[in-house]
Amino acid sequence: MSGGASPGIVAARCLGVGMSHRPILVLGATGSTGRRVSALLGARGYPVRAASRRGRVRFDWTDPATWEGAVDGAEAVYLMAPDGVPVDPGFVELAVRRGVRRVVLLSSQAIEEMGDTRLLDAERAVRGCGADWTVLRCDWFDQNFDEGFLVESVRAGRIVLPLGGVRQAFVDADDIAAVAVAALTEEGHAGRVYEVTGPEALSFGEAAEVIGRVAGYPVRYDSDPEAFVRDQVAGGLPREAAEAAVGAFAALAARGDGVPSDDVLRVTGRAPTPFSDYAVRAAPAWM
Ligand SMILES: NC(=O)c1ccc[n+]([C@@H]2O[C@H](COP(=O)([O-])OP(=O)(O)OC[C@H]3O[C@@H](n4cnc5c(N)ncnc54)[C@H](OP(=O)(O)O)[C@@H]3O)[C@@H](O)[C@H]2O)c1
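Okay, so the sequence shown: first residue is 155 according to this note's numbering, each after it adds one.
Okay, here's the thing in C-alpha cells:
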C-alpha cells in the first residue's frame with residue numbers, strides 16, 4: 155500500500171463510522187467488480203444506485219446526457235470504465251460539482267510499465283478532483299478465467315498469452331469489492347493507493363493447471379507471441395492492435411513476478427482468497 159496508515163482504517167472499522175443516507179453510485183454495475191460492489195453495499199444496508207448502459211440506472215460513458223441523472227444526489231462513486239473506454243474527466247468534475255464527496259477508482263497494476271495512458275489519465279483525474287479519493291490498483295482478476303475474456307479459452311483447453319513464466323498475483327473480484335466497499339463507506343482511506351492482489355503469485359501455466367484439475371480436463375498454457383497474434387487476428391482484432399498488445403505484455407513480463415500485497419487483509423480484516431479456492435467455486439463455468 156502506498157500512503158501507509160492503517161490505524162485510521164482499524165479505528166473506522168471498530169467505531170463503525172458510517173456515511174450519510176445519500177446513495178452510492180456504482181458504475182459498471184453489471185460487470186465483474188461493479189456487480190459485487192453493488193451486492194455488498196446492498197447487503198450492508200447502503201442505498202445503491204447500480205448503473206451501466208443496461209443497469210437499473212442508465213449510465214453511458216459515451217452519452218453525457220446520462221451522467222447527471224445517475225450522479226445527482228450521490229454521496230460517493232465507485233468509478234470504473236470498461237476496457238478501452240476512458241474515464242472522462244468531465245464526468246468526475248460533474249460528480250464533485252453535484253455533491254459527490256468520495257470517489258473510489260478501479261485501476262490496475264503496472265500501468266506505467268504497460269503505458270496504459272487510459273488508466274494513468276483516470277488516476278490523474280481522480281487525484282485532482284477535490285473530493286476524497288482512493289485508487290485500487292488491482293492485479294489480474296481471477297474472474298478473467300470464468301466470466302471474462304479467457305472463459306472460452308479455458309473451455310477449449312488452451313490459454314494463449316505472451317507472458318512466458320512470469321507470475322501474477324491473481325485477485326478474486328470478491329476481494330476487490332470488499333476493499334472498494336470499505337473505501338466507499340469507512341473513514342481512513344482518502345488519498346490511498348491500494349495494491350489489490352491475491353495471496354500468492356502464479357504463472358499462467360500454474361493457474362491453467364489448477365483450473366484443469368477442478369475442470370476435469372487438461373488446460374494448456376501457450377505463451378508463444380506468434381500464436382497469440384494469430385488467435386487475436388482470427389478473432390477479428392486488427393494485426394496492429396494484436397502486435398501492440400504483445401509489446402504491452404512484454405513490458406509487463408519485464409517487470410518480473412507480481413508481488414502479493416497485504417492490502418486486502420489490512421483494509422478488510424480478512425485474508426485474500428487463494429486462487430485454488432476461487433477455482434473450486436468457479437468450476438461450473440468450465441464444465
Ligand atoms: N480484468 C483484469 O484482470 C483487470 C485487472 C486490473 C484492472 N482491470 C480494469 O477493470 C476494468 C473492468 O472492470 P470489470 O471487470 O469490473 O468490468 P467488466 O466485467 O469488463 O464489465 C464492464 C462493465 O462496464 C459497463 N459498460 C460497458 N460499456 C459501457 C459504457 N460505454 N458506459 C458505461 N458502462 C459501460 C458494462 O455494463 P453495460 O454493458 O450494462 O453497460 C459492465 O457493467 C477495466 O478498466 C480494466 O482495465 C481489469
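We put the CB at the ideal spot given by N, CA and C, even for glycine.
When the five nearest sequence neighbours on each side are left out, the beta carbons in the same chain lying within less than 7 Å of the beta carbon of residue 381 are those of 314, in order along the chain.
Only exposed fits residue 371, as fewer than 16 other CB atoms lie within 10 angstroms of its CB.
Taking the Cβ atoms as the reference, residue 348 lies roughly 5 Å from residue 290, within the contact range of under 8 Å. Cβ contact annotation for residue 330 (same chain, cutoff 6 Å, sequence separation greater than five): 187, 292, 350, in chain order.
Per the coordinates, the alpha-carbon of residue 273 lies some 20 Å from the alpha-carbon of residue 221. Between residue 363 and residue 412, the alpha-carbon positions lie close to 19 Å from each other. The straight-line gap separating the alpha-carbon atoms of residue 268 and residue 303 is approximately 19 Å. Per DSSP, reduced to three states, the secondary structure at residue 210 is coil, with no helix or strand assignment. Residue 365 is not bridged by DSSP to any residue. Scanning the stretch 283-361 from its first residue to its last, the whole beta strand (DSSP E) runs of 3-plus residues come out as 286-292, 312-314, 346-350. Your pair residue 183 and residue 189 checks out as a contact, with CB atoms roughly 6 Å apart and the cut at 8 Å. For residue 180, the secondary structure class from DSSP, reduced to helix, strand or coil, is strand. Look at residue 235 here: in three-state DSSP terms it is coil, with no helix or strand label. Nearest Cα to residue 333 within the set 436, 193, 418: 418. At a Cβ-Cβ threshold of 8 Å, residue 312 and residue 374 count as neighbours. Between residue 259 and residue 277, the gap from beta carbon to beta carbon is short of 8 Å. Here DSSP, grouped into helix, strand and coil, assigns residue 200 to coil. Distance from the CA atom of residue 430 to the CA atom of residue 295, rounded to whole angstroms, is 13 Å. For residue 375, no alpha helix (DSSP H) encloses it; the enclosing beta strand (DSSP E) starts and ends at 374-376. Within the DSSP secondary-structure output, residue 261 pairs in a beta bridge with 291. Below 8 Å, too few C-beta pairs join the stretch 393-400 and the stretch 334-343 to call them touching: fewer than three.
Remark: C-beta atoms of residue 239 and residue 279 do not approach each other more closely than 8 Å.
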